[in-house]
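Terminal number for the sequence shown in the numbering used here: 241, no gaps in between.
Note that CB positions come from ideal geometry on N, CA and C, so glycine has one too.
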Amino acid sequence: MFDRAAIVSTLQTACAMRAGCGLLLPSEDVRLGGRFTGLAAGMLLLELGPDRDIDAIGPAQVVCVTFNHARGSCCFMSRVLSCSAVHGASDRNRARSERVPAIVSPAARVRLAMPDTMSGIDGRLAFRVPVLDRELELDLGDTAAGGRVSVIDICIGGAQIELPEQHVALQLRQRVQVTIRLRQSTFTTLAEVRRRTDRRYGLFFVDVLREGRVVPPTALARIVRELERRWLEQRRGMARR
Numbered sequence: 001m002f003d004r005a006a007i008v009s010t011l012q013t014a015c016a017m018r019a020g021c022g023l024l025l026p027s028e029d030v031r032l033g034g035r036f037t038g039l040a041a042g043m044l045l046l047e048l049g050p051d052r053d054i055d056a057i058g059p060a061q062v063v064c065v066t067f068n069h070a071r072g073s074c075c076f077m078s079r080v081l082s083c084s085a086v087h088g089a090s091d092r093n094r095a096r097s098e099r100v101p102a103i104v105s106p107a108a109r110v111r112l113a114m115p116d117t118m119s120g121i122d123g124r125l126a127f128r129v130p131v132l133d134r135e136l137e138l139d140l141g142d143t144a145a146g147g148r149v150s151v152i153d154i155c156i157g158g159a160q161i162e163l164p165e166q167h168v169a170l171q172l173r174q175r176v177q178v179t180i181r182l183r184q185s186t187f188t189t190l191a192e193v194r195r196r197t198d199r200r201y202g203l204f205f206v207d208v209l210r211e212g213r214v215v216p217p218t219a220l221a222r223i224v225r226e227l228e229r230r231w232l233e234q235r236r237g238m239a240r241r
């Protein structure tokens, strides 16, 4: 947990860098992509990119904001003070990619109340560890089977996977139950598809967020740390050659 001074300092840095962020609307089961733009009179200013669910956000709603920082991945809850549409905003970014787009023409400007609390997770756990070990298994719940799912990289927040050609394609924002196994460690969570490139998908582990706080599940953290250890050992071995 961050103290008040650390919260202000972290958000000032994020605004100065116009850092990207995600807004989760628990009441609407919606996630929006945006960026920080400034602090003013005790308010946090953001711009949101074009999104089909942009109309879901409005004054007085409670939102969960997530973003990356030098301290690691950060998360806080806040209340929407105001939300105004940007007239003439273009949807051209959405057509370029199925992932949350870089913002060229913002669709809305949002003012949030300054958070009283903020949580962060260890940057090492937020780092996506390349998966080199075939012992790691990932099952996609009750989706249609179609061969082994390849895990490209993983962290406590999510994973990048690649599906075989015969597997039924997943849809953006689709939620699936994921089970991850590495030797004696098993972890099951609800995951949401956040991006897609051909047969590769970016999954977000929904269950790492609890009441607005990022809480690393013990089993998942154990798996990630073990994969990281093996990856570092391999890199050290290659460096000695």
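Check: Selected residue, minimal CA-CA separation from Thr179, among Phe187, Asp51 and Arg173; Outcome: Phe187
Check: Under the three-state DSSP convention, the category Ala6 falls into; Outcome: helix
Check: Residues that Glu47 bridges to, as DSSP identifies them; Outcome: Arg35 and Arg109
Check: CB-CB length for Leu23 against Leu32, believed under 8 angstroms; Outcome: 4 angstroms
Check: Per-residue burial, Pro250 [other beta carbons within 10 Å of its own, 16 or more giving buried]; Outcome: Absent from the model: residue 250. The displayed extent of the chain is 1 to 241, so no value can be given.
Check: Candidates Gly202, Ile156, Glu135 and Ser9: closest to Arg148 by CA position; Outcome: Glu135
Check: Status (buried if at least 16 other CB within 10 Å, exposed otherwise) for Pro106; Outcome: buried
Check: Ala159 beta carbon less than 8 angstroms from that of Leu203; Outcome: yes
Check: First and last residue of the uninterrupted beta strand (DSSP E) at Arg200; Outcome: Arg200 to Phe205
Check: For Val131, the three-state DSSP class (helix, strand or coil); Outcome: coil
Check: Contacts around Ile152, its chain only, beta-carbon distance under 8 angstroms, and the 5 residues preceding and following it disregarded; Outcome: Pro130, Val131, Ala159, Gln160, Ile161, Glu162 and Arg200
Check: Buried versus exposed call for Ile223 [16 or more other C-beta atoms within 10 Å across all chains shown]; Outcome: buried
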